[in-house]
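Structure first, then comments.
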Amino acid sequence: MTPFEYAPAPESRAVVDIASSYGLYIGGKFVEATGGAPFKTVNPATEEVLAEVSEASADDVDAAVNAARTAYTRVWSRMSGADRGKYLFRIARILQERAREFAVLETLDNGKPIKEARDVDLPLAAAHFFYHAGWADKLDHASLGPNPRPLGVVGQIVPWNFPLLMLAWKIAPALACGNTVVLKPAETTPLTALLFASVCEQAELPPGVVNIVTGAGATGQAIVDHPGIDKLAFTGSTAVGKMIARSIAGTRKKATLELGGKAANIIFDDAPIDQAVEGIVNGIFFNQGHVCCAGSRILVQESIADELDSRLKRRLATLRVGDPMDKNTDVGAINSRKQLDRIEEMVAVGEAEGAQRWDSGCELPTNGFWFRPTVFSGVSQTHRIAQEEIFGPVVSVLTFRTPAEAVAKANNTPYGLSAGVWTEKGSRILWMADQLRAGVVWANTFNKFDPTSPFGGYKESGYGREGGRHGLEAYVTTGGPTRAGQRSGATEGSAK
Ligand code: NDP
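Residue numbers (my numbering): 2 to 497.
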């Protein structure tokens, strides 16, 4: 089946003003980096250089941590929750007002389809600030324990798959609880974090409450190692998460680690099959599969495996892969050459292991980084493509006969971030949710996110929760001196 021909519907990039180079946002203003080598950020759909970005050295990180400490001690930890909430509310409103500008910039820098940046990333980022604005003056009533107080300066390191949304997941709860932050965006997607600095200015956030330092792994490591950091919040690969855990072992630093996943999307024979096919598409091809909780393993009941296979392939042949700025595009560009290499390597491994590879054969643009939506069938549990995170538009199909077998296979992974169950039986959903070792279990849907709902994993998917009341726990300490005592200077954390 060939897809309908659609006339191109390109979003205009005129709404975005990209500078040729960027400094670091420290203490409420952009400053020059000291010593690091600037690097370029490119549009992965065209390989066009978008801007030159500074690399923050350990000295720059030190300046950012000092600015955050000063803002914490003098202003932010002393401010009432109601006043902090007003700033968060302002930020949320500004993100809504400037949503188009941010969505276009995110698509240019990341390669995700504009319809996803516009309809998912931006509304959810604003929603996180709105939600946490509401908590800022109610922390005493959030069942966090007696006398919840901020931790101090939080180091936050975010990945490239949802650059602004992950920033919102990190900054909103930290600020709501009275902490100040030093945030590092990923090397390949720094631009929306740098634009967020202008939102902080527009909201008249006190200088130093939010600091943005750009750079690669070494800059991240400098944040992790800095003695003035009281807590770390990291989202990224399990390998780097483990390095961070090792680095801070034996220190007083707290950490939340949101790491990889290899989610099972389980389709029972009584599932509404066309909806399940849509759920599979949304589960693994949303955001090019660059999603930690992506449904990258389909477990289908054996009796409907053939039917699901043909319906899924028919549907995939209609997905539009191409220009992310076109509003009709379903699957955009792979975020970087490095990630494309990783996907190609894993797909080659899958073929060498004996799984059957299928893709729609759709045309791909000549410039940029692209990968066709791909299905592997005949996959067994020992295959690397069934065990390792590919982080691309590639799904492995395995079969099962009984619910117990589905659970055993779903849980047979080092990860434990998410899972999906498709069946019409409510009791089976509840039984499965109880058995699945996953932080989130979706029923008859997939990849649904809400700021009120805690998100996080088990096993090698990390620890701690983000979002919801539970997400606040990571940003406060409880017991100890009263708020009055705290205002007179007795704050938690190192006053460096
Ligand atoms: P990383 O884990 O390296 O990147 C995540 C963030 O950590 C980035 O900001 C990165 O900086 C930073 N970082 C890298 N090294 C260090 C360090 N030593 N100390 C502190 N921070 C550091 O992921 P990659 O981009 O290398 O992707 C590799 C694989 O990881 C992917 O193929 C995918 O499987 C998985 N991944 C999973 C994610 C998830 O959400 N579960 C997100 C991203 C990747 P910088 O980018 O500037 O180098």
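Ideal placement from N, C-alpha and C gives every residue a C-beta, glycine not left out.
Which residues in the same chain have their Cβ closer than 7 Å to the Cβ of Arg488, if we skip the five residues on either side of it in sequence? The predicted position of Arg488 is uncertain, since its pLDDT is 42 and thus under 50; a value taken from the coordinates is nonetheless stated next. Excluding residues up to 5 positions away in sequence, Arg79 lie with their Cβ nearer than 7 Å to the Cβ of Arg488 in the same chain.
Buried or exposed, going by whether 16 or more other CB atoms sit within 10 Å of the CB of Gln357? By the beta-carbon neighbour count (other beta carbons within 10 angstroms, threshold 16), Gln357 is exposed.
Buried versus exposed, by CB contacts within 10 Å (16 or more), Ala118: Ala118 is buried by the Cβ-count criterion.
Is it true that the stretch 261-277 meets the stretch 458-472, where meeting means three or more beta-carbon pairs spaced less than 8 Å apart? Counting Cβ pairs under 8 Å, three or more are found: they touch.
For Ile299 and Ala38, I'd like the C-alpha separation in whole angstroms. Distance between the alpha carbons of Ile299 and Ala38 is about 43 Å.
Report the CB separation of Asn266 from Gly421 in whole angstroms; it is logged as a contact under 8 Å. Right, the Cβ-Cβ distance comes to about 4 Å (below 8 Å), so this counts as a contact.
State the DSSP-derived secondary structure class of Thr236, mapped to helix, strand or coil. Of the three classes helix, strand and coil, the one that applies to Thr236 here is strand, per DSSP.
Identify whether Tyr73 lies in helix, strand or coil by the three-state DSSP scheme. It is helical.
Mapping DSSP to helix, strand and coil, what is Lys171? Lys171: helix per DSSP, three-state reduction.
Determine the direct distance from the alpha carbon of Ala59 to that of Ala69, and round the result to whole angstroms. For Ala69 and Ala59, the gap between their C-alpha atoms comes out near 15 Å.
CA-CA distance, Leu145 and Ala177? Cα to Cα, the separation comes out at about 14 Å.
Where the alpha helix (DSSP H) containing Glu202 begins and where it ends: Annotation: the continuous alpha helix (DSSP H) that includes Glu202 extends over Leu192 to Gln203.
Have a look at the DSSP bridge pairing and note the partners of Thr400. Paired residues: Val301.
Quick check: is any heavy atom of the ligand NDP less than 7 Å from the C-beta of Val159? Judged by the Cβ position, Val159 qualifies as a neighbour of the ligand NDP at the 7 Å threshold, a heavy atom of the ligand being closer than this.
To the nearest angstrom, how far is the alpha carbon of Tyr88 from that of Arg312? In a straight line, the C-alpha of Tyr88 is about 49 Å away from that of Arg312.
Starting from the C-beta of Thr47, find all residues in its chain whose C-beta is less than 6 Å away, skip the five residues before and the five after it, and write them out in chain order. The beta carbon of Thr47 sits closer than 6 Å to the beta carbons of Asn368 and Gly369 from its chain, once the five residues preceding and following it are set aside; these are given in chain order.
Terminal residues of the alpha helix (DSSP H) in which Tyr132 lies: Membership of Tyr132 in the alpha helix (DSSP H) is indicated by the continuous run Leu123 to Trp136.
Using a Cβ-Cβ cutoff of less than 8 Å, which residues in the same chain neighbour Gln276 once the five nearest sequence positions on both sides are dropped? The beta carbon of Gln276 lies closer than 8 Å to those of Trp423 and Asn445 in the same chain, with the five residues before and after it left out.
Does the separation of the CB atoms of Gly209 and Asn448 fall below 8 Å? No. Outside cutoff.
Do Arg321 and Asp331 have their beta-carbon atoms positioned less than 8 Å apart in this structure? Yes. Within cutoff.
Give every residue of the same chain whose Cβ lies closer than 7 Å to the Cβ of Asp141, excluding the five residues on either side of it in the sequence, and list them in chain order. Take Asp141, set aside five residues on each side of it, and the residues of its chain with a beta-carbon closer than 7 Å to its own are Pro149, in chain order.
Cβ neighbour criterion (16 or more within 10 Å) applied to Pro394: By the neighbour-count rule (16 or more Cβ atoms within 10 Å), Pro394 is buried.
Under a three-way DSSP split, which group does Trp432 fall into? Residue state, collapsed to three classes: helix.
Quick check on the burial criterion: 16 or more other C-beta atoms within 10 angstroms. Buried or exposed for Lys30? Around the Cβ of Lys30, a 10 Å sphere holds fewer than 16 other Cβ atoms; the residue is exposed.
DSSP state of Phe90, grouped into three classes? Reduced to three states, the DSSP call for Phe90 is helix.
Where does Tyr7 land, buried or exposed, given buried means 16+ other C-beta within 10 angstroms? With fewer than 16 other Cβ atoms within 10 Å, it is exposed.
Closer than 7 Å: Ala349 CB and nearest the ligand NDP heavy atom: Flag unset: Cβ of Ala349 not near the ligand NDP.
According to DSSP, is Ser13 helix, strand or coil? Coil at Ser13, not helix or strand.
Quick check: Val17 and Leu106, are their CB atoms within less than 8 Å of each other? In this structure, Leu106 lies closer than 8 Å to Val17 by Cβ.
In chain order, what residues of the same chain have a beta carbon less than 8 Å from the beta carbon of Ser13, not counting five sequence neighbours either side? Counting only Cβ-Cβ distances below 8 Å, and skipping sequence neighbours, we find Val105.
Exposed or buried, what is Leu431 when buried is set at 16 or more other beta-carbons lying within 10 Å of its beta-carbon? With fewer than 16 other Cβ atoms within 10 Å, it is exposed.
For Val376, collect the residues of the same chain with a Cβ closer than 6 Å to its Cβ; drop the 5 residues on either side in sequence, then sort them by chain order. The beta carbon of Val376 sits closer than 6 Å to the beta carbons of Trp359 and Val396 from its chain, once the five residues preceding and following it are set aside; these are given in chain order.
Given 8 Å as the limit, is there contact between the stretch 215-234 and the stretch 151-158, that is, 3 or more CB pairs closer than that? Segments in contact, yes.
Between Asn212 and Val183, which are expected to be in contact by the criterion C-beta below 8 Å, what is the C-beta distance as a whole number of angstroms? Their Cβ separation, rounded to whole angstroms, is 5 Å, which keeps Asn212 and Val183 in contact under 8 Å.
Give me, in chain order, the residues of the same chain whose beta-carbon lies closer than 8 Å to that of Ser22; leave out the 5 immediate sequence neighbours on both sides. Excluding residues within five positions, the ones whose Cβ falls inside 8 Å are Pro39, Ala52, Glu53, Val54 and Ser55.
Compute the beta-carbon to beta-carbon distance between Ala204 and Ile92, rounded to the nearest angstrom, for a pair I have assumed lies under 8 Å. Going by Cβ atoms, the distance from Ala204 to Ile92 rounds to 5 Å, so yes, they are a contact pair.
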